[in-house]
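First the structure, in the form of structure tokens, and then the observations on it.
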Amino acid sequence: MRKVKNLLFIFCLTILFSNYTTPFNHDVFTNPDLKKGKVVFKSKLIGGDKHVGNLTIATKDRTNFLVTFKMKKGWTLEKSRVFIGDLSELPLKENGCPDLKSITYRKNHNSGVKEFSYIIPLGKIKKMNCLSILSKAVATKGNKKVNAWSEGEKLSCNNKITYSSLCKLSGKKKVLKSAKSSINNN
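Residue numbering for the sequence shown follows the numbering used here, beginning at 171 and increasing consecutively.
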């Protein structure tokens, strides 16, 4: 029975630390030989129940991220918003939902576009074990308009708004290793 409990505990920890969390190599902040175009995050953009496009974060060069919204065939991007940083620094409205008008990286694409990229300087992002990513796309296909979010954890203020985390790999390994050693010591 004890082995089953331990296995269940390890399984739950694995789920907890892997759910919508992308391993993040912090060399992106410190490695002068970092390759251009290295993808550090990729997610589907989901509006309602439709996959309308993708969000990719890659290294543009040694000092910048390139955050790209790319729409699926038939869809166009009307508005884009992206936040990268500490979730506690996300601008909020009184109801606790993100204040999308206060997010630094935002654009209205009046005639609609298939693809759009933001250049985000690495120096503007605090170095931490986990970065949060919140991205929204207003996408259209014919007369249909949807608010699409990158896949991730739901915010408590609205079950449609999601965010993802980029976490340093070694941090996750340490937590799991620590959990395993505490189980083995019991």
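Cβ coordinates follow ideal geometry from the N, Cα and C atoms, glycine included.
Can you tell me the Cα-Cα spacing of residue i and residue j, whole angstroms?
i: Gly282; j: Pro261; result: 26 Å
i: Asn280; j: Thr226; result: 22 Å
i: Ile331; j: Lys206; result: 31 Å
i: Leu304; j: Val252; result: 6 Å
i: Asp269; j: Lys263; result: 5 Å
i: Glu285; j: Met241; result: 6 Å
i: Thr310; j: Lys296; result: 34 Å
i: Lys294; j: Asp256; result: 11 Å
i: Trp245; j: Asn329; result: 23 Å
For residue i, collect the residues of the same chain with a Cβ closer than 8 Å to its Cβ; drop the 5 residues on either side in sequence, then sort them by chain order.
i: Pro202; result: At Pro202, the pLDDT of 46 sits below 50, so the modelled position is not reliable; the number obtained from the coordinates is stated separately. Result list for Pro202: Arg232, in chain order.
Count the other CB atoms within 10 Å of the CB of residue i; is the residue buried (16 or more) or exposed (fewer)?
i: Lys271; result: exposed
i: Cys337; result: buried
i: Ile216; result: buried
i: Lys306; result: buried
i: Gly312; result: exposed
Once you ignore the five residues that flank residue i on each side, which residues in its own chain have a CB closer than 7 Å to its CB?
i: Pro291; result: Thr233 and Asn234
Between the Cα of residue i and those of the options, spot the shortest distance and give me the residue it belongs to.
i: Met298; options: Trp245, Ile254 and Leu247; result: Ile254
i: Phe239; options: Thr229, Ser250 and Lys230; result: Ser250
i: Leu301; options: Glu259, Glu285 and Ala307; result: Glu259
Please list, in chain order, all residues of the same chain as residue i whose beta carbon is under 6 Å from its beta carbon, the five residues on each side excluded.
i: Gly266; result: Cys327
Task: Contact between the stretch 213–223 and the stretch 314–329 (3+ Cβ pairs under 8 Å) - done: yes
Open item on the list: Taking 8 Å as the cut-off, does the stretch 275–284 touch the stretch 209–217 (at least 3 CB pairs, one atom from each stretch)?
Closed with: no
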